[in-house]
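In the working numbering, the protein residues as written are 37 to 719. The structure appears below as structure tokens.
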């Protein structure tokens, strides 16, 4: 239809608040700008959550006070008919970009997140995997990661109407049974949301202090932000500051919003009490409302450009993050400069306008004379099917590929055995590299049974203690100390221990190399190492296993572990043997992804040995210094012929940029056992 003869646009409702729509625009601009250029949290998402609850509460209170039915099923159908189409379009766009740009190893994670985003469970998926939303390397982030906030909103959009309906049903009962004739619907809601605010905020503060990575995505830690928006909507008719105060409130709120991410280190303290800063700032602007003053901030927020951007804010939020992530992944840029960032923002705005114009608005205004509820349900079901089909087919394809990879004969994938002296093991050129992309992410060594009995500890710091005890008891007991670089060698050490009847105990903390107290470590790491040392001296194992050097991404590429000798000296003096293995190289890029992008033989996936390890090995500085200190070096089965390859014997050496894959460690078992026995003299 020719636009000139089209029906005029539907007029805004009398209840429309243009300054709130402008507030949406400002919040989304903050989110976009902080993500693109600053790599920080702006507080803009928290403002979105508050506004959502504010408007939802206004709508339901108007219905209740005018005697209109809530009609919750129809409300939910209408709501998700508005939200899902644009979301599905963006997810499909992300899947297309993933296929074209991202390495195959990233696909399983993104497909799982596509389901989670469609079903409004993305926040829980990210919480369970403890994703770092603030990581500076956005090129390595998921392009669907930002759906966490939309998932929380979707959950609250189900929960909040139930609260409104429950309050409406409870109010007459309270008036009759308790004689609370003066209790109003607004008053009852204020009590309910006040309780939610207090409990959720207390929970949020506690969880942010103890488990911030999880709390960031935890709906329970965010409910208070929605409750604050609802309380604001309930109190607004009674908040009537004078014009001058409203002007002051508006500008103070604007200053608070814009300064939040700049003045506060919000990334590691959200969503605790620090999130009161942006939410109360936004609340001040809402209370200021329409000041009628030419000096009021509402004059800016109610302007046509601000309102227009607010109309497109949902789609802009949907698009900006995947455009940023995929653009950086395609170009290899870690952080965009001003010009690159402006191009990303411009592309995001264009996609947002197109999505709003051709997807969101047409479906929102689509009229079907009969069976309106069925019409809405059809739209929602069609959106789900449109996304579910490609995702299910893609996942089935990956599962089949993984099965074919795992079913290969072992002789086609010898791994480290291909580097053994005199070995006739050689990889078949046509064989698939193992483990397959679907399995690689979980290809991690470890033991799972909590320490008990003779290995139990009452120290809460060591609650992660794990044990592996052979039937009938072990002939030796070895305690593995350190970080993930000690843990990765369990891929070889644990099978050897099981075969020889040795008992294993692990005391491991991420990014905490074992050694004496040092200012190069965090206070938590120093405390953990002190507790680990006390455990060893108390339990008197036969030996401890440690990583005795420390590799780096840049020169110097390998050094001694700070305080290593001082850390293991008490063990030596107590007659406990110490196994110190040389660290493996670490890199500035993901090794499997490099192979998936460029091929196993590409120079960029085979960095020089001289840029990975140093000669002589730092372990030589320990030799002969302590009785019972045994040194092991497996680096010739990790790096060979002057390079440190990503693939050896058709096996990925690494699972990321610095951890050996469990599969590769398992191919090292014969050589690892031989060197361990030679170093210790054990039979």
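Even for Gly, the Cβ is constructed at its ideal location relative to N, Cα and C. All values derive from a computational prediction rather than experimental measurement.
Here residue 688 carries a strand assignment [DSSP, helix/strand/coil].
Residue 278 sits exposed, since fewer than 16 C-beta atoms from the chains shown fall within 10 Å of its C-beta.
Under DSSP, the beta-bridge partners assigned to residue 666 are 615.
For residue 185, the secondary structure class from DSSP, reduced to helix, strand or coil, is helix.
Between residue 587 and residue 604, the C-beta spacing is not below 8 Å. With a cutoff of 8 Å on beta-carbon distance, residue 523 and residue 551 are scored as not near each other.
Taking all protein chains in view, the Cβ of residue 541 is crowded by 16 or more other Cβ atoms within 10 Å, so the residue is classified as buried. The stretch 43–129 contains, as complete alpha helix (DSSP H) runs of 4+ residues, the segments 54–69, 80–102 (chain order). Under the 8 Å Cβ criterion, the stretch 379–387 counts as touching the stretch 339–358, having at least three qualifying pairs. DSSP places residue 517 in the uninterrupted beta strand (DSSP E) bounded by 512–518. The C-alpha of residue 224 lies about 50 Å from the C-alpha of residue 493. Cβ contact annotation for residue 120 (same chain, cutoff 7 Å, sequence separation greater than five): 416, 419, in chain order.
Spatial neighbours of residue 89 in its own chain (CB-CB distance under 6 Å, excluding positions within 5 residues in sequence) are listed in chain order as 262, 265, 266.
Inclusion of residue 56 and residue 67 in the CB contact set at 8 Å is not warranted, their separation being larger than that value. Taking 8 Å as the cut-off, the beta carbon of residue 307 is found closer than this to the beta carbon of residue 240. Shortest Cα-Cα distance from residue 379 to any of 706, 72, 600, 322 involves 72. Residue pairing of residue 539 in beta bridges, as defined by DSSP: 513. Rounded to the nearest whole angstrom, the CA to CA distance from residue 421 to residue 547 is 43 Å. Contact between residue 334 and residue 324 holds: CB atoms are separated by about 6 Å, below the 8 Å threshold. One thing to note: residue 517 has its Cβ no nearer than 8 Å to the Cβ of residue 684.
The beta carbons of residue 411 and residue 527 sit no closer together than 8 Å. In the three-state reduction of the DSSP assignment, residue 384 falls in the helix class. Short of 8 Å from the beta carbon of residue 692, and not among the five residues preceding or following it, lie these beta carbons of its own chain, in chain order: 626, 627, 628. In the DSSP annotation of this structure, the continuous segment of the beta strand (DSSP E) that includes residue 502 starts and ends at 502–504. Closest in C-alpha terms to residue 392, from the list 118, 70, 710, comes 118. The straight-line gap separating the alpha-carbon atoms of residue 564 and residue 345 is approximately 51 Å.
DSSP places residue 621 in the coil class of the three-state scheme, outside both helix and strand.
Taking the C-beta atoms as reference points, residue 158 is found no nearer than 8 Å to residue 196. Beyond the five residues adjoining it in sequence on each side, residue 642 comes within less than 8 Å, by CB distance, of 679, 680, 681, 682 in the same chain, given in chain order. The three-state secondary structure of residue 219, taken from DSSP, is coil. In this chain, the beta strand (DSSP E) harbouring residue 594 covers 594–596. The continuous alpha helix (DSSP H) containing residue 476 extends over residues 473–476.
Judged by pairs of C-beta atoms under 8 Å, the stretch 91–107 touches the stretch 190–205, as three or more such pairs exist. Residues 82, 86, 261, 264 of the same chain have their beta carbon placed closer than 6 Å to that of residue 315, with the five preceding and five following residues left out of the count. For a cut-off of 8 Å, the C-beta gap from residue 688 to residue 469 is around 6 Å, short enough to register as a contact.
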